[in-house]
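By the numbering used here, the letter at position 317 of the sequence shown is numbered 317, and the numbering carries on one by one without gaps.
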Amino acid sequence: MEENIQSKENKMGVMPVNRLLITMSLPMVISMLVQALYNIVDSVFVAQINEAALTAVSMAFPIQNLMIAVAAGTGTGVNALLSKSLGEKNKRMVDDTANMGVFLAICSYAVFAIIGIFLSRIYFAAQISDAQIIEYGDEYMSVICLFSFGLFGQIITERLLQATGRTIFTMFTQGIGAIINIILDPILIFGLLGLPAMGVTGAAAATVIGQIIAAILGFVCNAVYNHDITLSIKGIFTIDTTVISKVYRVGIPSIIMQSITSVMTFSLNKILAEFSSTAVAVFGVYYKLNSFIFMPVFGMNNGLVPILSYNYGARKPDRIKKTIKLGMKYAVAIMIFGLLLFELFPSGLLGIFDASQEMLSIGCVALRIIASSFVFAGVAIICSTVFQAIGNPLHSLIMSVCRQLLVIVPVAWLLSLSGRLELVWLAFPIAEFVSVAMSIFFMKKTIRHLDGMA
């Protein structure tokens with residue numbers, strides 16, 4: 001007989017939806033804001049070395065994003081399957097999913113450690129010919145990849161806590177990791193407190209130390225406070241291909257969607273490098289700044305996934321639809337704030353990064369044009385999260401491929417042929433408009449499916 005969870009129903013099935021969404025999401029929103037602050041502070045310190053260092057770190061973004069894509073995509077699959085199993089009260093599947101999540105994190109780390117050792121210099125040389133930027137980039141990326149076990153451990157332990165409704169602990173682990181990173185950045189980059197100045201290597205070291213400490217705290221929180229799952233060495237290394245396939249049924253589309261961002265960024269870096277290395281730096285700074293707007297939405301998504309998956313497993317369509325509506329309202333509100341910030345204060349935002357006159361000239365135009373797409377992006381992000389959470393990840397994948405590969409890159413390339421850099425940025429609002437149109441089409445089908453569950 002299948003082993004079941006013998007306990008009262010999880011709060012995700014009974015708590016009022018608005019209160020539940022705030023309870024589940026607010027800790028993640030706060031921790032994501034701290035993470036976004038770290039992203040900005042990290043680049044602020046690197047920019048003080050010189051613009052070449054800032055450009056190198058910006059060009060490392062596709063690989064860093066790829067690591068996060070693999071970790072977060074796997075985590076999304078684990079989160080959805082674990083929450084669904086909780087809703088179905090299937091204890092055995094809950095534990096098997098948690099243990100396989102840790103196993104997959106270990107495997108992912110091994111792959112990126114090899115990439116960091118053998119391919120980092122080749123990666124930068126493929127984007128730009130500037131020897132100083134290549135050297136800075138190699139120093140930075142080698143450390144980031146070789147010690148990425150902290151990143152993979154941090155993300156999987158956070159997803160286990162989120163899936164069981166213990167999001168307050170993820171705020172704690174992420175917050176501590178980011179704060180340590182922020183503190184160590186100036187110390188290791190500039191050689192404070194008697195330590196040698198390490199430059200961009202110091203920035204990378206600060207990042208991985210923060211991630212490793214966050215991962216350790218995540219494992220401790222799961223072991224001590226997460227009583228819905230049981231992790232064990234034997235369980236982690238007892239490979240269950242059935243669970244792995246179920247995790248990646250949701251996880252692979254998510255990984256591909258986020259990985260496409262790496263392909264898109266790599267391609268745009270090459271397009272922008274034809275204009276100047278400063279244009280590449282502006283693009284990197286934009287991504288740092290937009291994280292402060294987008295991270296809260298992604299934090300809310302991390303609260304949405306377990307709520308939606310749990311209630312889908314428990315067959316409660318009304319709660320699912322209420323959660324979707326609230327998520328949309330909050331996401332649009334956040335994006336309107338971001339739109340106003342970027343439109344009204346672009347020079348002030350760029351000034352944080354020691355922007356040269358050329359960077360200000362390019363960046364103010366870029367920020368204003370790209371920000372016009374924020375509201376569309378907010379709607380599309382929530383729709384994509386809904387599709388993943390209730391088992392329709394193919395819809396999310398189609399949206400992401402169309403937006404980032406079939407629209408942004410080709411349109412940016414075509415507009416670059418005009419020789420006018422400002423036109424290249426128009427690819428972003430064009431792509432977001434296409435994405436939101438597709439998301440509305442798929443969402444209508446999803447709502448009809450939910451109506452059929454009633």
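Here a beta-carbon is modelled for each residue, glycine too, at the ideal position from N, C-alpha and C.
All of these numbers come straight from a predicted model, not from anything done at the bench.
Cβ neighbour criterion (16 or more within 10 Å) applied to residue i
i    : result
Q357 : exposed
C145 : buried
L289 : buried
E432 : buried
T55  : buried
V243 : buried
I324 : buried
V220 : exposed
H395 : buried
Y136 : buried
N4   : Any answer about N4 is weak, because its pLDDT of 46 lies below 50 and its placement is not dependable; what the coordinates show is given next. That one is exposed.
E422 : exposed
V17  : buried
I307 : buried
R159 : buried
R319 : buried
E51  : buried
I440 : exposed
V14  : exposed
Y267 : The sequence given here places Ser at residue 267; Tyr does not occur at that position. Buried: at least 16 other Cβ atoms inside 10 Å.
P296 : buried
A281 : buried
F442 : buried
F337 : exposed
S25  : buried
G87  : buried
K91  : buried
Spatial neighbours of residue i in its chain, beta-carbon cut-off 6 angstroms, leaving aside the 5 residues before and after
i    : result
L104 : T74
K478 : This structure does not reach residue 478, given that the chain is present from 1 up to 454, and the question cannot be answered.
I134 : F124 and A125
F292 : A36
W425 : A366, I369 and I370
N302 : M28 and Q162
N222 : T157 and L160
M93  : S85
V200 : A53, Y136, E139 and Y140
N461 : As displayed, the chain neither begins before 1 nor continues past 454, which places residue 461 out of reach and without an answer.
Sequence-distant residues of the same chain with beta carbon closer than 7 angstroms to residue i, five excluded per side
i    : result
I236 : N99, V102 and F103
A355 : G363
I176 : I213, A214 and L217
L193 : I187
R121 : I134 and D138
Y225 : R166 and F169
P393 : V250, P253, S254 and F387
A205 : V143, L188 and M198
V436 : F376, V379 and A380
Q132 : A52
Rounded distance between the beta-carbons of residue j and residue i, thought under 8 angstroms
i    : j    : result
G202 : I183 : At roughly 12 angstroms, the Cβ-Cβ gap does not stay under 8 angstroms, so G202 and I183 are not in contact.
L360 : L350 : 6 angstroms
V458 : V375 : The requested residue 458 is not part of the displayed model; the chain covers only 1 to 454.
I408 : A427 : 5 angstroms
D130 : S277 : 6 angstroms
Y310 : S83  : 5 angstroms
M257 : L406 : With 8 angstroms as the limit, M257 and L406 do not qualify as a contact, their Cβ atoms being about 13 angstroms apart.
I155 : A72  : 6 angstroms
F353 : A47  : 5 angstroms
D95  : T230 : 5 angstroms
M239 : Y312 : According to the sequence shown, residue 239 is Ile rather than Met. In fact, because the Cβ distance is near 27 angstroms, the residues do not count as touching under 8 angstroms.
Same chain, Cβ closer than 8 angstroms to residue i, five either side skipped, listed in chain order
i    : result
L326 : V17, N18 and L21
D451 : P317
Y287 : S58, F61 and T265
P429 : I369, I370, S372, S373 and F376
S148 : M67, Y109, F112, A113, G116, V208 and Q211
G284 : S43, L54, T55, V57, S58, M59 and F61
F273 : Sequence inspection shows Ala at residue 273; the Phe mentioned does not correspond to that position. Cβ within range, chain order: Q127, I128, A279 and V280.
For the region 26-36 and the region 98-118, state whether three or more C-beta atom pairs, one from each stretch, are separated by less than 8 angstroms. no
So, do the region 406-415 and the region 372-383 have three or more beta carbon pairs nearer to each other than 8 angstroms? no
Does the pairing of the region 334-347 with the region 398-409 give three or more beta-carbon distances under 8 angstroms? no
Do three or more CB pairs link the region 50-64 to the region 261-279 at distances below 8 angstroms? yes
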